[in-house]
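Note sheet for the following structure.
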Ligand SMILES: [Zn+2]
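In the numbering used here, the protein residues as written are 10 to 419.
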């Protein structure tokens, strides 16, 4: 017995050249076949692309939407992102974080995102207020999105006992992964080792900000790989940014990709922030500082593409569209071949779901009844034309509706 059907869905790889109906029963996908016989309520996808929901592996809901209260950049060369954010953290009450994060979360949902890992800062004076606010949203929006919290110290951990204490507290409150930002710490190895120590102690995942910068002279990614191997943490470790490798010759990049593939460490590329923040030392012929996700994936390393910052000094832009992030990556990295564009789509869907260890994901019988409908015919086309999302479904019910723009002819 089906309780809902998405008619005329396009699911690449499914039967009938991908033209199928998707039947839901009790919050699960129960059938994927052409012309399902059922008199249950239905949605007509009109032949549009359907995927198992878009997956955001790296966003900062708690520090989104603060650009209006931050001082402007002193200059392009001296942008002071960190200090300008830290300077307004006094105003981060639970209510303030909740209100800002809520608007950003709703925008993510409207853009077809159904699963999110949000990185939450526990530095003083905010401490675990962000965890409190995010857990309220986690419950309130469970009908539309699975929200996972990754707690981390943005402003130093190794010699900051109050940050360490708040991080432990955040994990005990329910954060299901632990992150870090060793770039902003005095002792990178101590920071990274402590993150792995906490992950093992609480049996949670690791998702670090690693090697953000333009100069590959010193990097931390191989330490992360070594620890993932040593502690048998393969499949549970991700690194965001890793932009320094973009300055290496391809042969060196491939070596790193193969090592990460061997030990099961994934990479998240964050094109909007990296393009905005990095290489400010150059005022012409500026390097792009974006890790080539296709190259890494082609050498066995799982990759995702995500949003990171929305309307704050690290990225004063953002509409929460993951398709736009994939398109930006394709444009900047000069990715034009359809199979590589298809791979970029998987980095905001299937590959991202794998990175966050999502359960019951994807359009297959037995998965959660979770579908995003996109106004395109193929994955590659969705990325190429920055296609809009028309509808989303979560736990068997429609959560988003967005009509197509229509011409008003004379
Ligand atoms: Zn981040």
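Every residue gets a Cβ at the ideal spot worked out from N, C-alpha and C, and that includes glycine.
When DSSP reads this structure, residue 246 sits in a beta bridge with 215, 274. Sorting 234, 18, 354 by C-alpha distance to the C-alpha of residue 248 places 234 at the top.
Cβ-Cβ separation between residue 37 and residue 377: approximately 6 Å, consistent with a contact (criterion under 8 Å).
Apart from sequence neighbours up to five positions away, the residues of its chain that approach residue 411 with a beta-carbon distance below 8 Å are 119, 397, 398, 399, 400, ordered along the chain. A straight line joining the alpha-carbon of residue 122 with that of residue 336 spans about 16 Å. For the set 151, 419, 42, 11, the Cα lying nearest the Cα of residue 19 is the one of 42.
Taking one beta carbon from each stretch, the region 79 to 86 and the region 41 to 58 have fewer than 3 pairs nearer than 8 Å; the two do not touch.
Per DSSP, the beta bridge partners of residue 377 are 37.
Taking non-hydrogen atoms of ligand 1 into account, the C-beta of residue 408 is found less than 8 Å away from none of them. The closest heavy atom of ligand 1 lies 8 Å or more from the beta carbon of residue 200. Rounded to whole angstroms, the separation of the alpha carbons of residue 413 and residue 27 is 22 Å. In the assembly as shown, residue 222 is a buried residue. Its beta-carbon has 16 or more other beta-carbons within 10 Å. Between the region 160 to 177 and the region 141 to 149 there are fewer than three inter-stretch CB-CB distances shorter than 8 Å, so the stretches are not counted as touching.
Residue 279 has its Cβ nearer than 8 Å to a heavy atom of ligand 1.
Distances taken from the Cβ of residue 249 to the heavy atoms of ligand 1 include one shorter than 8 Å. Residue environment: residue 24 is assigned as exposed (fewer than 16 neighbouring CB atoms within 10 Å of its CB, all protein chains considered). Residue pairing by DSSP puts residue 406 in a beta bridge opposite 403. Residue 73 and residue 320 do touch by the CB rule: their CB atoms are close to 6 Å apart, below 8 Å. Residue 261 and residue 270 have their C-alpha atoms spaced approximately 14 Å apart.
The shortest CA-to-CA distance from residue 196 to any of 227, 179, 180 is the one to 227. The alpha helix (DSSP H) runs lying completely inside the region 170 to 220 and spanning 4 residues or more are 170 to 182, 197 to 211, given in chain order. In this structure, ligand 1 has no non-hydrogen atom nearer than 8 Å to the beta-carbon of residue 388. The beta-bridge partner set that DSSP reports for residue 161 consists of 130. In the DSSP assignment, residue 66 falls within the beta strand (DSSP E) that extends over 63 to 68. Just so you know, the alpha carbons of residue 251 and residue 176 end up roughly 23 Å apart. The three-state reading of DSSP puts residue 311 in coil, since its state is none of H, G, I, E or B. For residue 15, the uninterrupted beta strand (DSSP E) run begins and ends at 13 to 19, by DSSP.
The Cβ atoms of residue 180 and residue 207 lie closer than 9 Å to each other. A residue is called buried when at least 16 other Cβ atoms come within 10 angstroms of its Cβ; residue 151 does not meet this threshold and is exposed. Counting along the chain, residue 52 sits inside the beta strand (DSSP E) bounded by residues 51 to 53. Distance check between residue 368 and each of 190, 101, 78, 404 places 404 closest, using alpha-carbon atoms only.
Between residue 69 and residue 153, the C-beta gap is not smaller than 9 Å, which leaves the two residues out of contact. The criterion of a C-beta distance shorter than 9 Å is not satisfied by residue 265 and residue 303. If you check the C-beta of residue 282 against ligand 1, you find a heavy atom less than 8 Å away. For residue 350, there is no enclosing beta strand (DSSP E); the residue is found in the alpha helix (DSSP H) stretching over 347 to 355.
Annotation for residue 69 indicates a beta carbon within 8 Å of some heavy atom of ligand 1.
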